[in-house]
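Novice: Just so you know, the protein sequences line up as chains R and V, in that order. Count along the first sequence starting at 1, add 30, and that's the number in the working numbering. Count along the second sequence starting at 1, add 170, and that's the number in the working numbering. Every residue, glycine too, gets a C-beta built ideally from N, C-alpha and C.
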Amino acid sequence: MSIRGKAHKVGAHIDTDAIIPARFLVTTDKDKLGANCMEGLEPGWIKRVTAGDIMVAGENFGCGSSREHAPIALLGAGIPVVAAKSFARIFYRNSFNMGLVLLEIGDEVDKIGDGDQLEVDIEKGLLKNLTTGAEIKVPAIPASMRELVDAGGLVPYVKKRIQTGA
Amino acid sequence: MQHTLAQKILARHTDQEITEAGQIARCRVSLVLANDITAPLAIKSFKGMGATKVFDRDKIALVCDHFTPNKDIDSAEQVRVVREFAQEMGVTHYYEGGDCGVEHALLPELGLVGPGDLVVGADSHTCTYGGLGAFATGMGSTDIAGAMALGETWFKVPPTIRVLISGKLKKWVGAKDLILNLIGRIGVSGGLYKALEFDGDTVADLSVEGRLTMANMAIEAGAKVGIFPSDDKTVAYGQAHNRPNAERLTADPGAVYESVVEIDAAALAPQVACPHLPDNVKPVSEVTGVRIHQAVIGSCTNGRISDLREAAQVLKGRKAAKGVRLIVLPATPTIWRQAMHEGLFDIFLDAGAVIGPPTCGPCLGGHMGILAQGEVSVATTNRNFKGRMGSLESFVYLSSPAVAAASAVTGVLTDPGSL
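#1: What are the complete beta strand (DSSP E) segments, minimum 3 residues, inside the segment 495-552 of chain V?
#2: Could you work out which residue in V:Ser569, V:Ala256, V:Asp228, V:Ala181 is closest to serine 469 (chain V) when comparing CA atoms only?
#3: Valine 405 (chain V) CB to nearest chain R CB: under 8 Å?
#4: Name the chain R residues whose beta carbon is nearer than 8 Å to that of proline 210 (chain V)?
#5: Please report how far the alpha carbon of proline 123 (chain V) lies from the alpha carbon of cysteine 67 (chain R), in whole angstroms.
#6: Using a cut-off of 7 Å between C-beta atoms, extract the partners of valine 139 (chain R) located in chain V.
#7: Along chain R, which residues have their Cβ under 7 Å away from the Cβ of methionine 219 (chain V)?
#8: By the DSSP assignment, the alpha helix (DSSP H) with serine 245 (chain V) in it spans what residues?
#9: Between asparagine 127 (chain R) and threonine 238 (chain V), how many whole angstroms is the CB-CB distance? I'm expecting something under 8 Å.
#10: Got a sec, what are the start and stop residues for the alpha helix (DSSP H) phenylalanine 591 (chain V) sits in?
#11: Going by C-alpha to C-alpha distance, which of R:Val56, R:Pro186, R:Gly41 sits closest to alanine 246 (chain V)?
#12: Taking valine 430 (chain V) as the reference, give the member of V:Asp244, V:Val546, V:Gly370 with the closest Cα.
#13: What is the rounded straight-line gap between the Cα of aspartate 293 (chain V) and the Cα of threonine 208 (chain V)?
#14: Flag this pair as yes or no: are the beta carbons of isoleucine 497 (chain V) and alanine 575 (chain V) separated by less than 8 Å?
#15: Per DSSP, alanine 437 (chain V) is paired with what?
#16: So does the segment 303-310 of chain V actually touch the segment 173-183 of chain V, counting three or more Cβ pairs closer than 8 Å?
#17: Taking the alpha helix (DSSP H) that serine 611 (chain V) falls in, what are its first and last residues?
#18: Residue ranges of each beta strand (DSSP E) run of no fewer than 3 residues wholly in the segment 87-127 of chain R, ordered along the chain?
#19: Taking its Cβ as the centre, do 16 or more other Cβ atoms sit within 10 Å of threonine 189 (chain V), making it buried, or is it exposed?
#20: Return the residues of the segment 81-101 of chain R that lie within a Cβ-Cβ distance of less than 9 Å from chain V, sorted by chain order.
#21: Quick one, which of R:Asn90, R:Glu98, R:Cys93 has its alpha-carbon nearest glycine 64 (chain R)'s?
#22: For leucine 282 (chain V), which beta-bridge partners are listed by DSSP?
#23: Output, in chain order, the set of chain R residues within a Cβ distance shorter than 7 Å of methionine 309 (chain V).
#24: Do valine 546 (chain V) and arginine 413 (chain V) count as a contact pair if the criterion is CB distance below 8 Å?
#25: So, at 6 Å on beta carbons, what are the nonlocal neighbours of methionine 85 (chain R) in its own chain, with the 5 sequence-adjacent residues on each side left out?
#26: Is the Cβ of leucine 105 (chain R) closer than 8 Å to any Cβ of chain V?
Okay, structure coming up:
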């Protein structure tokens with residue numbers, strides 16, 4: 031899977047209240063959540079995003095509340111990938127469960143500027159900065175997550191287990 | 171292998187041998203929790219999984235506490251979804267309206283969580299039950315849906331940071347100050363993917379309610395769990411709260427810790443976390459004089475009876491300053507009634523407080539105490555992220571009940587000892 035999009039860079043410790051404030055948590059609808067994505071960081075932030083764009087963040091992205099609405103809001107906003115220095119634990123699990131791709135790339139994040147054009151090849155584990163020419167190796171998805179990814183997410187994984195009685 | 175508390179509890183809930191941090195373990199859960207915000211999503215995923223029944227109807231808790239009493243049509247619709255699911259599945263522990271309390275105050279009170287339990291909840295503050303010696307952690311709705319269907323989930327065995335606290339706390343310094351101080355030291359990602367294990371003579375002296383306050387904020391350091399040993403106090407708490415078999419539980423001698431953080435409790439002064447992160451912690455003396463417009467006393471962190479008593483002790487015979495909204499939210503119906511019977515409500519009402527129902531309400535900017543642009547609140551809650559309690563241009567200082575009460579009286583951030 032290859033994804034091309036513009037980088038939207040945000041800082042460190044972006045919390046889930048910034049990604050989707052609690053006042054919007056009165057729905058589970060992906061599009062409604064997406065329309066208010068990052069409203070807790072800056073009103074109207076979403077207007078800058080074109081479907082396929084990539085979020086780029088500092089350390090501990092997604093800290094705070096366990097709301098799964100956060101990865102759903104990002105997906106609803108048309109953001110399929112987040113590259114960050116590091117991720118908060120609950121957000122990390124939620125994202126894989128929801129099908130949002132996370133790239134934990136440490137200090138390599140500094141090689142990406144706001145507005146840079148990026149290309150991500152998930153199979154090859156490569157993130158290319160088309161603006162600067164920099165190539166960033168993406169660490170392989172941990173084995174614990176691969177089982178889920180292979181099944182197509184947690185919902186199909188559990189579905190299969192229920193069907194087979196395993 | 172000698173186990174830390176976190177490893178010891180995981181080991182009890184899996185058939186695998188727990189040999190090292192980083193290992194993936196599939197574990198059976200003791201209780202699965204969701205609330206009015208996270209349950210609707212979990213139910214959606216549960217149905218998507220093709221599940222038709224929960225693994226054990228006595229081991230699911232659905233607590234509609236966040237927007238209770240339902241603040242608008244949308245939040246009422248969400249609760250309707252949860253209620254109908256609870257009825258359909260025959261879920262024993264479903265709470266809304268007058269049954270309902272803030273989940274992490276309610277479940278310990280009902281004896282639904284206790285030492286040695288493995289609890290997962292679709293709420294990040296599920297880690298609160300570590301105060302009772304449980305391995306308890308927050309997850310997202312779909313993980314919780316999987317746990318509701320299968321009765322199990324996977325964990326990466328965390329390395330443990332040992333937090334050793336010793337010394338006698340000064341007057342007006344307590345559990346909240348200790349945990350704020352720790353978060354200030356290690357930072358909001360200092361415990362990322364790890365377990366915190368609390369120990370030391372100060373910890374032994376702390377009440378169970380104080381331990382719940384501390385474990386509650388483990389997530390504010392990014393930690394997976396924050397666990398206390400279960401001792402005589404834990405056992406007594408269990409006996410008083412429908413857990414007659416609560417057991418003592420400690421880490422194995424010689425267990426391996428990733429690191430040790432030591433806190434000298436005797437040297438500690440009242441702390442506050444300044445806007446806009448829980449690790450922006452200072453002694454209140456350094457920010458004394460900051461004007462406040464609201465003081466919130468409540469939440470899963472500090473809405474228990476001991477917290478209300480502490481606030482009442484400061485507020486007795488005093489009044490909130492003009493222009494300060496003092497909001498008191500006892501965390502459960504039982505606490506509410508107890509505070510009323512103890513005469514605390516007279517003290518709060520004489521001080522000019524608004525006494526609200528048990529609800530998460532203002533903590534997450536839901537309702538019942540939302541901040542306007544430029545407003546400042548001192549709050550006994552757990553998060554002060556930008557916009558958390560209302561306007562993106564508002565400010566939240568996290569503190570103990572005593573600091574919140576003292577600040578309400580003067581209208582500026584205040585050390586209760588200076589009143």
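Specialist: Reading from the atomic positions:
#1: 495-499, 546-549
#2: V:Ser569
#3: no
#4: Thr58
#5: Residue 123 (chain V) falls outside the range modelled here, since chain V spans only 171 to 589, and no answer is possible.
#6: Residues of chain V passing the Cβ test: none, with the nearest at roughly 14 Å.
#7: Val185, Val188, Lys189, Ile192
#8: 243-259
#9: The Cβ separation is near 27 Å, so there is no contact.
#10: Summary: the structure shown does not reach residue 591 (chain V), with chain V confined to residues 171 through 589, and so no result is reported for it.
#11: R:Val56
#12: V:Gly370
#13: 7 Å
#14: no
#15: Beta-bridge pairing links alanine 437 (chain V) to no other residue.
#16: yes
#17: The structure shown does not extend to residue 611 (chain V), since chain V is modelled only from 171 to 589, so the question has no answer here.
#18: 111-114
#19: exposed
#20: Glu89, Asn90, Cys93, Gly94, Ser95, Ser96, Arg97, Glu98, His99, Ala100, Pro101
#21: R:Glu98
#22: Partner(s): none; leucine 282 (chain V) has no beta bridge.
#23: Ser96, Ile120, Arg123
#24: no
#25: His38, Ile109, Val112
#26: no
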